[in-house]
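Peer 1: Everything in the sequence shown is counted per my numbering, starting at 1175 for the first residue and increasing by one.
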Amino acid sequence: MADAKIAPNKLAMSRALGAAFLNHQVEQLEKTVHTGGNWRGRRSPETWRGGAEAKRAFSGPGPNPKIIKRRGEDGEAAAKGPRAEGEDRRSDDGKGHKDADIVVIDASVLVNGLYHLKKWCRDGREEVVIVPLEALNTLDLLKKGTSALAQRARAASRILEAQVGANPRIRVQQDAAFVPWDTLPFDEQTTATLNTAPDRRA
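1) Does DSSP put Lys1296 in a helix, a strand or coil?
2) Are the beta-carbon atoms belonging to Leu1316 and Leu1323 less than 8 Å from one another?
3) Sort out for me which residues DSSP pairs Val1302 with in a bridge.
4) By DSSP's criteria, Ile1333 is part of a beta bridge. Which residues make up the other side?
5) Which residues bound the alpha helix (DSSP H) around Val1338?
6) Check each candidate in Lys1318, Gly1319 and Ser1331 and name the one with the smallest Cα separation from Val1346.
7) Would you mind stating whether Glu1300 and Lys1272 have Cβ atoms separated by less than 8 Å?
8) Name the DSSP beta bridge partners of Arg1345, please?
9) What residue range is occupied by the uninterrupted alpha helix (DSSP H) comprising Ala1282?
10) Considering only their Cβ atoms, is the gap separating Ala1281 from Thr1312 smaller than 8 Å?
11) Taking Cβ positions, are Ile1279 and Ala1327 nearer each other than 8 Å?
12) How long is the line joining the alpha carbons of Thr1357 and Ala1350, rounded to whole angstroms?
13) With a Cβ-Cβ cutoff of 8 Å, do Arg1343 and Val1303 count as a contact?
Written out as structure tokens, the structure is:
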């Protein structure tokens, strides 16, 4: 009987300690994360592991002499290859081509097309990105939980936090920037169309 009372108490204590430990770990990680500005300025995982110097030290003193000779014979084109051409194409993608003057995004773009937002945030792009308040509210609802959708919503939220204020082209809808439907003037044709439209809720 005493064990039956102790077991739920131990379980509750264990859960409380686990939650406190996780909260502490999250706080420590948040303190150590580089929060100084842009997400593009953060170091890549390759530099965490030592980067190119560590790879060269591991693989030997230098590149294979046969490879050097081959590059020298074929000229600069052989050194580039198809991979370098793809990288050039990717770097050109962010410059010169404009998708639109003004882009208004919703929560589905933030969650499922985050790469588009990253592309529009890059330096050299000209699009003005407007984030409606409704998209932010939806994002807040979606980021709760442990699902893949919640993780993507949290990633979108982090990118928006880093960009809004730092990037003048990324703008959030102001609290007072809305117009009630009742105040909009409609002409007679629009009013007739709205009144005769079939009710899709039925």
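C-beta: ideal position from N, C-alpha, C; glycine also. Given the structure is predicted, the values throughout are model-derived calculations rather than measurements.
Peer 2: Reading from the atomic positions:
1) Here residue 1296 refers to the residue found at position 122 when the sequence shown is read from its first residue. The residue asked about is misnamed: residue 1296 is Arg in this sequence, not Lys. It is coil, neither helix nor strand.
2) Numbered from its first residue, the sequence shown carries residue 1316 at position 142. Numbered from its first residue, the sequence shown carries residue 1323 at position 149. Yes, the Cβ-Cβ distance between Leu1316 and Leu1323 is below 8 Å.
3) Walking along the sequence shown from the start, residue 1302 turns up at place 128. Paired residues: Ile1276.
4) Your numbering for residue 1333 matches position 159 in the sequence shown. For Ile1333, which the question treats as bridged, DSSP gives no partner whatsoever.
5) Taking the first residue of the sequence shown as position 1, residue 1338 is located at position 164. That residue, Val1338, is in no alpha helix (DSSP H); it is neither H nor E in DSSP.
6) On the sequence shown, position 172 is the one that residue 1346 refers to. Among Lys1318, Gly1319 and Ser1331, the Cα nearest to that of Val1346 belongs to Ser1331.
7) Here residue 1300 corresponds to residue number 126 of the sequence shown, with the count starting at 1. Here residue 1272 corresponds to residue number 98 of the sequence shown, with the count starting at 1. Contact flag set, yes.
8) Translated into positions along the sequence shown, residue 1345 becomes position 171. Paired residues: Ile1304.
9) Along the sequence shown, one-based indexing puts residue 1282 at 108. Checking the sequence shown, residue 1282 turns out to be Ser, not Ala. It spans Ala1281 to Asn1286 - the alpha helix (DSSP H) in which Ser1282 sits, taken as one unbroken run.
10) Here residue 1312 refers to the residue found at position 138 of the sequence shown. Here residue 1281 refers to the residue found at position 107 of the sequence shown. In contact: Thr1312 and Ala1281 (Cβ atoms closer than 8 Å).
11) Position 105 of the sequence shown, counted from the start, is the residue given in the question as residue 1279. Position 153 of the sequence shown, counted from the start, is the residue given in the question as residue 1327. No.
12) Taking the sequence shown and counting its residues from 1, one reaches residue 1357 at position 183. Taking the sequence shown and counting its residues from 1, one reaches residue 1350 at position 176. Roughly 15 Å between the two C-alpha positions.
13) What you label residue 1343 is simply residue 169 of the sequence shown in a count that begins at 1. What you label residue 1303 is simply residue 129 of the sequence shown in a count that begins at 1. In contact: Arg1343 and Val1303 (Cβ atoms closer than 8 Å).
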